[in-house]
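Novice: Position one of the sequence shown corresponds to residue -5 (my numbering), numbered consecutively onward.
Every residue, glycine too, gets a C-beta built ideally from N, C-alpha and C.
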Amino acid sequence: MPVKNNPDSTYGSKLLDMFFKLYREGKKHFKQDLANEFGCRPSTIQRIADVIEQFAGPHFETGIENRRKYYRISTKPCRISYGLDIEQIRALTLCKQLASASLPSYLLESIDDTIKTVSLQLCSQDFPERSAGQHLPISFSPKGYIDYSNHQKIIDKLLKAAQEKRVCHVDYKKSRFAEVQQYFYAPGRITSQSNALYAMGHETTTGKPEKGEPKNFAIHRIQELTLTDMVFDFEAADEGINYFGLKFHDPKTFRIHFSRTASDYVMERIWSTEQKLEEQEDGSVILELKTVSEPELMAWVRSFGEDAEIVRTKEK
């Protein structure tokens, strides 16, 4: 089974992200660009596009431009022939629930409305005796998640800035005890990790913006964000989404030994792209992974206490 690139982004959340990106923007998006943005393989983007095409029907457009495959959802009025069946509607509802801890309430409500609309049309046309939108007997209990309802405007501005490559002026407070610091910032993407949303990008200069050091902001700690008229022409969404942690340096490889007690937990999860697991005779396991945040990795290893230790490190 191929390794999933981003342990904090499920297939379901990628499907929702890509659908709303195509639907909201109504322009061509190329397969490789989407793969880079969502941190996955082009083949995964194609599978997601196939599902979206079933959902959007004649609204969905795909083609080749300059030898590059693109996708687009047209918002022009037309009669949609929904290609989803009852089980697919339930799967879409499940995807929404999986991503609910990291999505603001206004977006969850929009997704719910869309699912209900499709469900009602599907049932009235083909399955009048069944309810596609009925409540799923499944629940998820994320602990320590953040309510982003009051951060909606900042999220919208970050998305707009990333799409239009516009420099932002950010007032940021890294803790409740810290002073507010100000930055000129080029956002590349928003990512989710540990039930929190982060802006990934680079510090930049004024005037003619130049690419500075990688900079990540916890969105709930941004005090104020203003879009400027300055436009940057570099790639702000650098690699790093495939590795353990939020990017602060180039990838480094570590080998970590986990005791038999912690081995099941470690082996059941994807921690980094190209990770390797080596089972030991005593039931313990050695995990080899890549990280772009060594302090974050060290804190994670320490959280296991005596059940984990670094055995060897390697450069990229």
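Please state whether DSSP places Ser125 in a helix, a strand or coil.
Specialist: Mapped onto the sequence shown, residue 125 falls at position 131. Any reading at Ser125 must be qualified, since the residue scores a pLDDT of 45, below 50, and its modelled position is unreliable; the value itself is stated next. Three-state result, Ser125: coil.
Novice: From this set, Ile213, Cys162 and Phe171, which residue's C-alpha is nearest Met224's C-alpha?
Specialist: By one-based count along the sequence shown, residue 224 stands at place 230. It is Cys162 whose Cα lies nearest to the Cα of Met224.
Novice: Give me the DSSP bridge partner(s) of Glu47.
Specialist: For this step, residue 47 is matched to residue 53 along the sequence shown. DSSP output for Glu47 lists no bridge partner at all.
Novice: Round the Cβ separation of Pro289 and Ala230 to the nearest angstrom and send it over; I've been treating them as touching at under 8 Å.
Specialist: The residue given as residue 289 occupies position 295 in the sequence shown. The residue given as residue 230 occupies position 236 in the sequence shown. At roughly 23 Å, the Cβ-Cβ gap does not stay under 8 Å, so Pro289 and Ala230 are not in contact.
Novice: Can you tell me the Cβ-Cβ gap for Ile354 and Ala190, rounded? I've got them flagged as a contact below 8 Å.
Specialist: Outside the displayed range of the chain (-5 to 310) lies residue 354, so it cannot be described from this structure.
Novice: Over what stretch of residues does the beta strand (DSSP E) that includes Asp223 continue unbroken?
Specialist: What you label residue 223 is simply residue 229 of the sequence shown in a count that begins at 1. Where Asp223 is concerned, the enclosing beta strand (DSSP E) stretches over Ile216 to Val225.
Novice: My output table needs one value for Glu55: the three-state DSSP class, helix, strand or coil.
Specialist: If you number the sequence shown from 1, residue 55 lands on position 61. Correct three-state label for Glu55: strand.
Novice: Quick one: is Gly45 buried, meaning 16 or more other Cβ sit within 10 Å of its Cβ, or exposed?
Specialist: Here residue 45 refers to the residue found at position 51 of the sequence shown. In the sequence under discussion, the amino acid at residue 45 is Val, which differs from the Gly named in the question. Counting Cβ neighbours within 10 Å, Val45 comes out buried, since at least 16 surround it.
Novice: Do you know how far the Cα of Gly195 is from the Cα of Lys209?
Specialist: Mapped onto the sequence shown, residue 209 falls at position 215. Mapped onto the sequence shown, residue 195 falls at position 201. Going from the Cα of Lys209 to the Cα of Gly195 covers about 5 Å.
Novice: Classify Ala126: buried if its beta carbon has 16 or more other beta carbons within 10 angstroms, exposed otherwise.
Specialist: Locating residue 126 in the sequence shown gives position 132, counting from the first residue. In this prediction, Ala126 scores a pLDDT of 43, lower than 50, which makes its location untrustworthy; no coordinate-derived value is stated.
Novice: Helix, strand or coil for Ile140, going by three-state DSSP, please let me know.
Specialist: Along the sequence shown, read from residue 1 onward, the residue named residue 140 stands at position 146. It is coil, neither helix nor strand.
Novice: Is the beta carbon of Lys22 sitting closer than 7 Å to the one on Pro36?
Specialist: Here the question's residue 22 lines up with position 28 in the sequence shown. Here the question's residue 36 lines up with position 42 in the sequence shown. In this structure, Pro36 does not lie closer than 7 Å to Lys22 by Cβ.
Novice: Please return the same chain residues whose Cβ sits closer than 6 Å to the Cβ of Ala50, not counting the five positions on each side in sequence.
Specialist: Sequence index remark: in the sequence shown, residue 50 carries index 56 (1-based). Ile67, listed in sequence order.
Novice: For the region 160 to 180 and the region 237 to 246, state whether three or more C-beta atom pairs, one from each stretch, are separated by less than 8 Å.
Specialist: Touching, no.
Novice: Secondary structure at Arg170, three-state DSSP: helix, strand or coil?
Specialist: Numbered from 1 along the sequence shown, position 176 holds the residue referred to as residue 170. Reduced to three states, the DSSP call for Arg170 is coil.
Novice: Identify every residue that forms a DSSP beta bridge with Ser186.
Specialist: For the purposes of this step, residue 186 is identified with residue 192 of the sequence shown, where counting begins at 1. DSSP, once it has assigned bridges, lists Leu191 as partnering Ser186.
Novice: Could you tell me if Pro52 is buried or exposed, where buried requires 16 or more neighbouring beta carbons within 10 angstroms of its beta carbon?
Specialist: Mapped onto the sequence shown, residue 52 falls at position 58. Looking at its Cβ environment, which holds fewer than 16 other Cβ atoms inside 10 Å, Pro52 is exposed.
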